[in-house]
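Okay, so here's the structure we're looking at.
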Amino acid sequence: MRHRKSFNHLGRTSSHRHAMLANMANSLLLHKRISTTLAKAKALRVYVEPILTRAKSDTTHNRREVFSLLQSKTVVTELFRDIVIKIGDRPGGYTRILKVGNRLGDNAEMCIIELVDYNENMLSVSKKESGKKRRSRKKSDSPAAETPKKETVEPVAEKVSDQAPEAESKSEESAE
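Below is the structure:
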């Protein structure tokens, strides 16, 4: 029974789990997005978000604490130099998990975990949607009341006639 066990052990020993999460955190911070199983992504989010929160204040103590978890000087340097600039004003929720389906081999649920401030596609969509205002539906605005708009179709004959004189002038030039 798993009474009062507060986190997913992922079927690994403690040392293996910590090493795996540190490696995944390094990859996430270097590449800004990784593909993994849903269970590992949820465990990684619990592991990485406190690290990102700690990185907001650049002190020697915080750098040493983060290094003790990540074990990579290059990742710690990039975290405190580049990543903190983008996440500095965010109060939390630094990662996003996007489900992508099941893996073919073992049908494991796969997902992409990414840093929220680094997905330019999602950022551009959210800026466009923030300008839209919500409208309430009036009783007269039912879908049946609206008439479908007819699209205008350009006659094909005009296009052919436009191309014909050009073709004739080219043939005349080549004859001379």
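Per my numbering, the sequence shown runs over residues 1 to 176.
Cβ coordinates follow ideal geometry from the N, Cα and C atoms, glycine included.
All of these numbers come straight from a predicted model, not from anything done at the bench.
- Beta-bridge partners assigned by DSSP to T59: none are found.
- Nearest C-alpha to S68 among S124, I51, E120 and V84: I51.
- For I87, no beta strand (DSSP E) run applies; the uninterrupted alpha helix (DSSP H) run containing it begins and ends at V84 to I87, by DSSP.
- Linking R17 to D89 through their CA atoms gives a straight-line distance of about 31 Å.
- By the C-beta criterion, the region 71-78 is judged not to be in contact with the region 101-113, since fewer than 3 inter-stretch pairs fall below 8 Å.
- Residue environment for M1: exposed (fewer than 16 other C-beta atoms within 10 angstroms of its C-beta).
- Contact check for A25 and Y47: beta-carbon distance about 6 Å, within the 8 Å limit, so the pair qualifies.
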